[in-house]
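Colleague: For the sequence shown, the positions run -26 to -1, 1 to 222 when mature numbering (1 follows the signal peptide of the UniProt record, and there is no 0) is used.
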Amino acid sequence: MKTARLTAVGVLSAAALFSFVGTADAAGTPQTAATYSSKGDVSFTLDNSSVPPLDPTNPDKDKPIQDNPKDPVDPGTTGPLTIDRVSNIHFGEQKISAEDETYYAKPTEIILNDGTSTSAPNYVQLTDKRGTAVGWKLQVTQEDQFKTQDQKALEGAQVTFANGLTKTEATNKASAPTTQTPVVFDKFGQAKTIMTATKGSGMGTWFENFGDDSNMDKSISLFVPGVSAKDQTGYSATFTWTLLDSPA
């Protein structure tokens, strides 16, 4: 009787062990119990805000430059394609001369983010935030001859923009636009192309600097004939900058 009971118990134990091992093997290969779908989405809208002016020689969107109260400029435009800043052009005070003379615009003075002042090339800053990469064209027009407040013209005077250089932030990986300098303003009211971004280029913020550290004081010139009548007063002219939404 003892032998029968022991044998029965031994057979039961072996079956239980086999059953346990078989269950572990099945659990080692996960089987799909259920599936469920969720969704991710994103939408875009145009950025119609203005872009702050940056340092044209070392642009950094986290370090916008400050307004210079001694040389104020108009605020930048708003929208997805903007002209952010254009420096004024100052040829300074010159002695009246009976000879042909060429005068050069002074470098612009900018106030950096930390409050220090420094000289920089005269420049234009623009931004393309459309996200379409269709390109653009920047033009400038000298509206009329340099004139006094009482509308006496500086006859024969002619402005030239030279040494155009493109610049952008180090983080901008977009293809660069091209510059078209020198540009001679030989006709008033006629638009001159300064910068062109073809399809696939010119996204983000870009600068056209007129000159660099070596020649920024010789990159915008004003030729004045000796025979031109010159009053002992100031003369000024208006330049209109136009940004077209296509390079065509």
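Built from N, CA and C at the ideal position, the CB exists for glycine as well.
Give me the Cα-Cα distance between residue 129 and residue 174, rounded to the nearest whole angstrom.
Modeller: Straight-line Cα distance between these residues: approximately 43 Å.
Colleague: When you compare the CB positions of residue 99 and residue 213, do they come within less than 7 Å of one another, or not?
Modeller: The answer is no: Cβ separation not under 7 Å.
Colleague: Give the C-beta separation of residue 110 and residue 171 to the nearest angstrom, bearing in mind that I take them to be a contact with Cβ-Cβ under 8 Å.
Modeller: Contact holds; Cβ gap of about 5 Å.
Colleague: Quick one: using the 10 Å Cβ neighbour count with 16 as the cut-off for buried, is residue 144 buried or exposed?
Modeller: Exposed, by the Cβ-count rule.
Colleague: For residue 6 and residue 14, what's the separation of their Cα atoms in angstroms?
Modeller: Their backbone Cα atoms lie some 23 Å apart in a straight line.
Colleague: Three Cβ pairs or more, each shorter than 8 Å: is that satisfied between the stretch 148 to 166 and the stretch 72 to 80?
Modeller: The stretch 148 to 166 is not in contact with the stretch 72 to 80.
Colleague: With DSSP run on the structure shown, which of helix, strand or coil describes residue 45?
Modeller: In this structure, residue 45 counts as coil in the three-state DSSP scheme.
Colleague: Can you determine whether any heavy atom of the ligand SAM sits closer than 6 Å to the C-beta of residue 113, and answer yes or no?
Modeller: Judged by which ligands are present, the structure shown has none, so any question about the ligand SAM falls away.
Colleague: Excluding the five sequence neighbours on either side, which residues of its own chain have a C-beta within less than 6 Å of the C-beta of residue 169, listed in chain order?
Modeller: Cβ neighbours of residue 169 beyond the five flanking positions: 112, 151, 153 and 182.
Colleague: DSSP state of residue 190, grouped into three classes?
Modeller: Reduced to three states, the DSSP call for residue 190 is helix.
Colleague: Would you mind sorting residue 66 into buried or exposed? The rule is 16 or more other CB atoms within 10 Å of its CB.
Modeller: By the 10 Å Cβ count, residue 66 comes out exposed.
Colleague: Relative to the alpha-carbon of residue 60, which residue among 83, 125, 3 and 8 has its alpha-carbon at the smallest distance?
Modeller: Out of 83, 125, 3 and 8, 83 has the C-alpha closest to the C-alpha of residue 60.
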